[in-house]
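The block underneath contains the structure these notes are about, expressed in structure tokens.
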Amino acid sequence: MAAAAATAAKGLGKLQQRSTALFVCDLQERFRPVISGFPAVVDTARRMIRGANVLGLPIITTEQYPKALGSTVQELKDVMQPGSPLLAKTRFSMVTPEVSQLLKQKPSISQVLLCGIETHVCVLQTTLDLLEGGYEVHILVDGVSSQRLPDRAVGLQRAAQSGAFLVTSEMALFQLMEDAKAEHFKEISKLVQEPRMDSLGLPSAL
């Protein structure tokens with residue numbers, strides 16, 4: 004009975020604090036002028052990093068070939084905890100050997116919240132690798148984008164077809180809370196009520 008319930012819960016995509024990590028993919032300065040809705044994506048990633056810090060969720064951040072594409076934007080560096088993993092890569096997927104090793108060191112992690120760029124390249128390939136590895140992936144739709152909006156839309160559709168869950172940052176944070184009496188609820192509630200950049204310049208919710 005317990006095993007069946009666990010399997011059903013996993014299929015539903017119910018986020019749990021004890022089993023969730025946040026992945027932040029390649030939000031680097033060089034991409035600022037070319038990614039659609041970049042300020043809104045950074046705003047969401049910043050909010051999620053702050054929320055993860057409050058809840059004690061592991062955070063892994065990557066940079067795609069930083070020698071040429073620059074470092075993570077300052078808005079995110081300002082809220083990252085000292086010692087939080089910040090890893091350079093050339094592979095499109097975040098699931099590099101270094102990241103795989105970090106995940107092995109945290110066997111309780113089975114769910115990943117994912118934000119960053121580009122939706123149809125690095126975010127999608129990270130999603131597929133994580134799913135293949137048995138992880139549940141929740142893509143923050145208000146925290147991902149691409150240069151071209153059709154690529155973003157199809158990237159999200161492709162990820163969902165493969166089994167990823169599409170969520171918003173507020174949805175994810177409140178799901179992690181579960182109860183208004185939960186520890187840190189007031190901090191998270193205050194965080195999601197802050198003014199935000201809601202628009203990614205999209206014609207629809209996706």
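Mapped onto our numbering, the consecutive letters of the sequence shown carry residue numbers 4 to 209.
Cβ coordinates follow ideal geometry from the N, Cα and C atoms, glycine included.
These figures come from a predicted structure and were not determined experimentally.
Query	Result
Contiguous beta strand (DSSP E) assignments of at least 3 residues, all confined to the stretch 13 to 82	23 to 28 and 62 to 67
Three-pair Cβ contact test at 8 Å for the stretch 168 to 184 versus the stretch 70 to 88	no
Residues that DSSP places opposite P125 in a beta bridge	The residue asked about is misnamed: residue 125 is Cys in this sequence, not Pro. In DSSP, C125 forms no bridge with anything.
In DSSP terms, what V140 is bridged to	V115
Euclidean distance between Cα positions of Q67 and G14	32 Å
Rounded straight-line distance, which links the Cα of L30 to that of G2	Nothing can be reported for residue 2: it is not among the residues displayed for the chain, which extend from 4 to 209.
Exposed unless 16 or more other CB atoms sit within 10 angstroms - verdict on R35	exposed
Whole-angstrom distance between E121 and K193, CA atom to CA atom	29 Å
Beta-carbon contacts of V210 that lie in its chain and below 6 Å, excluding the five residues immediately before and after	No information on residue 210 is available, as it lies outside the stretch 4 to 209 that the chain covers here.
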